[in-house]
Amino acid sequence: MRPRVLISDQLSAAAAQIFSMRGVDVDFQPTLGKHPEKLAAAIGGYDGLAIRSATKVTAEILGAAKRLKVIGRAGIGVDNVDVPAATARGVIVMNTPFGNSVTTAEHAIALMFALAREIPAADASTQAGKWEKNRFMGVEISGKTLGVIGCGNIGTNVATRALGLKMRVIVYDPFLSGERAATLGVEKVELDELLARADFVTLHTPLTAQTRNILSRENLAKTKKGVRVINCARGGLVDEEALRKALDDGHVAGAALDVFATEPATENPLFGRPNVVCTPHLGASTTEAQEMVALQVAEQMSDYLTRGAVTNAVNFPSISAEEAPRLRPYVELAEKLGLLVGQIASAGVDKISLVYEGGVAELKTKAITASALSGLLKPILQDVNPVCAAAIAKDRGVVVEEITREAEGDYESLMRLRAVTSQGEIGVAGTVFHDGKPRIVRVGDIAVEAEFTPSMIVVSNEDRPGFIGRFAGLLGDAKINIATFALGRDSPGGSAMAIVAVDGDVPEEALAAIRRLNGVKRAAALRF
Ligand SMILES: NC(=O)C1=CN([C@@H]2O[C@H](COP(=O)(O)OP(=O)(O)OC[C@H]3O[C@@H](n4cnc5c(N)ncnc54)[C@H](O)[C@@H]3O)[C@@H](O)[C@H]2O)C=CC1
Ligand SMILES: O=C(O)C(=O)COP(=O)(O)O
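Using our numbering, read the sequence shown as starting at 15 and increasing by one per residue.
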């Protein structure tokens, strides 16, 4: 069945075309995102949801999204998506981190000029027939200091353009290296210094717990008198009431805002002030940027839904379309090894260690580890998949260790999984042969090679003559048909292991009878 995607925001028509061309059915309902109840009612029928900023993907919406596998944000900010709730439901959240950054930077520069020369007010006055030539007296931008808060993709584009306008650029970004600042030709400073020195302050950080209210009342008070503030990032970065007051006091000379604490902003404390310029979240709204983000998000979402490739996900490691087929058998192996350990473990797992040897170590092991964790947790949790497994394991305090190294033994690629529980340790290992099928190659200290099949019995016993006959006889009496039988032992007369693939379920009484057999140490019936 072809995957189905819902576009619930105003995306360029390019998106729907790409989805269709790439084998994905698409419903274009550009206003649905503005109606949460309608969206909640519809979302259950879709594998993917493509959005901009108008659709709020809340935990309630996600609760109704039983089939959803991916949310694609045609743009940058994913603060309108409850990412932890999406992750917990195993839904990938991806964005297009570069597609609209130049366009948004240009909007910030445009707003800076609009403020400096009061263009919107001058325009309104002129078109009203007033010709108020003496009312509007601007300031030059050349030679002024621009303070950039957040120097990522957009901040950098703003900074380099401002340098071209002959401004002095100072930036505050704790994650920007000194070398990068020097290469860009900007001066890296602390926030207080930026506030004290800048003639224009422009915001370009995401909205996070650290950046929320970064232009608070206190910080606005630290700015230079006559400062002009530009916000093309997110509304919550500025205390709007405090900014209004600072404008009224004449401390702040002007403010240009593309984003607001509450959107759509039909009312706002800053509306109606003479030195305020507002646009309705237009930062990304150019034909070029909208074409680019729509195209990109549709490509990324289609690649995930049809080929398992993960690009620009904020909650999962990237996997290219070329890597996905090479990764797939190891992802399957990891899930099966995890399931094996999860079903054998008699106590909660405190720590899990994954060792990747040889060829597999060259692949995206994080994605393989995520699958192993998912398999491990499946016997105790219902809705777990590789996207949410790492977060669940972390919540439960499971320590996850990942080691990659060169091949040491007979296998070109080997994956070892060791789980530490309060009852002891369980170690298993597996590989993928050239046929692409995952196989168990070791359980504990015993080398034993078996393919995974839907129903299996694993027995560890003392290596004594006659055991296999008694065991096989018991299965026959219980009408359990043996499909394959794999054996291994650590030493003659030591510990032995049998991994038996059987047809159908293993009744509890049959398992109890196996456990009562002479020499049996442990026996488990497993489903894969
Ligand atoms: N108005 C609009 O239509 C648009 C708004 N945006 C918004 O612009 C913002 C920035 O986007 P990008 O530059 O693409 O993101 P980015 O991730 O490339 O850059 C963000 C920068 O902020 C810095 N940062 C993070 N925490 C910080 C803190 N506490 N203090 C100072 N700096 C901090 C990071 O180190 C990073 O360099 C986002 O909020 C995004 O949603 C993006 C596109 C369009
Ligand atoms: O990309 C972003 O973060 C934006 O804020 C753009 O929002 P929009 O797609 O125009 O609703």
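C-beta: ideal position from N, C-alpha, C; glycine also.
Range covered by the alpha helix (DSSP H) that runs through residue i
i    : result
A100 : V97 to A102
V273 : Neither: V273 is in no alpha helix (DSSP H) and is coded neither H nor E.
D263 : E254 to D263
Y370 : Not the alpha helix (DSSP H): Y370 falls in the beta strand (DSSP E), residues V363 to G372.
K408 : P400 to D409
D477 : Per DSSP, D477 belongs to no alpha helix (DSSP H) and is neither H nor E.
F481 : F481 to D491
L217 : No alpha helix (DSSP H) holds L217; the beta strand (DSSP E) holding it covers F214 to L217.
F127 : S115 to A130
V543 : This structure cannot settle anything about residue 543, because the visible part of the chain is limited to 15 through 542.
S427 : Careful: S427 lies outside any alpha helix (DSSP H), inside the beta strand (DSSP E) at S427 to T435.
G169 : N167 to G178
F33  : A27 to M35
G77  : A73 to A78
G192 : G192 to L198
Distance between beta carbons of residue j and residue i, contact taken as under 8 Å
i    : j    : result
V40  : I21  : 6 Å
M315 : V19  : 6 Å
R248 : V273 : 5 Å
A190 : L221 : For clarity, residue 190 is Leu in the given sequence; the question names Ala instead. Contact flag wrong, Cβ pair sits at about 18 Å.
G89  : R103 : In fact, because the Cβ distance is near 22 Å, the residues do not count as touching under 8 Å.
E416 : T383 : 5 Å
S26  : E305 : 5 Å
V414 : A407 : 6 Å
V558 : V97  : The requested residue 558 does not occur in the structure, where the chain is confined to residues 15 to 542.
A375 : I333 : At roughly 16 Å, the Cβ-Cβ gap does not stay under 8 Å, so A375 and I333 are not in contact.
L257 : V243 : 7 Å
G152 : A130 : 5 Å
Best match in the options for proximity to residue i [C-alpha to C-alpha]
i    : options                   : result
M470 : K350, R149, L229 and T237 : K350
T159 : G508, L208, G58 and T72   : L208
Q24  : T69, Q31 and P111         : T69
R81  : P288, D61, F485 and I123  : D61
T498 : V516, L489 and G507       : V516
G438 : V374, V363 and D491       : V363
M181 : E204, A524 and S156       : S156
F466 : V183, K380, A323 and A443 : A443
R503 : I460, V514 and A173       : I460
K52  : V185, V534 and V71        : V71
E132 : Y186, N289 and T219       : N289
I482 : P468, A492 and A500       : A500
P468 : A135, I513 and V413       : I513
V412 : A386, A128, E420 and N227 : A386
A269 : T276, V398 and K259       : K259
G322 : L309, V241 and A338       : A338
Y425 : I454, T435 and V473       : I454
V472 : G458, A381, P479 and L341 : G458
A28  : E376, I366 and A308       : A308
L540 : P393, E204, I244 and V369 : P393
G450 : F485, I406, P343 and Q310 : P343
V291 : N475, A124 and T225       : A124
P111 : N326, T170 and V520       : N326
A403 : S388, R410 and D397       : S388
D93  : V105, N109 and A538       : N109
Q224 : P188, G487 and A235       : P188
T101 : D519, V398 and N532       : V398
Limits of the beta strand (DSSP E) - the one that residue i falls within
i    : result
Y186 : R182 to Y186
G91  : From DSSP, G91 is part of no beta strand (DSSP E); its letter is neither H nor E.
I163 : T159 to I163
P452 : P452 to V457
L63  : G62 to I65
A539 : V534 to R541
D41  : D39 to F42
E376 : Per DSSP, E376 belongs to no beta strand (DSSP E) and is neither H nor E.
N233 : Run containing N233: none in the beta strand (DSSP E); it sits in the alpha helix (DSSP H), R231 to A235.
With 16 other Cβ atoms within 10 Å as the buried cut-off, status of residue i
i    : result
K202 : buried
Q11  : Any property of residue 11 remains undetermined from this structure, which presents the chain solely from 15 to 542.
F33  : buried
H295 : buried
A73  : exposed
T237 : buried
R87  : buried
N495 : exposed
S505 : exposed
A436 : Per the sequence presented here, residue 436 reads as Ser, with Ala not at that position. That one is exposed.
G352 : buried
N329 : buried
Residues surrounding ligand 2 [beta-carbon distance to nearest heavy atom under 5 Å]: R66, S67, G89, I90, G91 and A298
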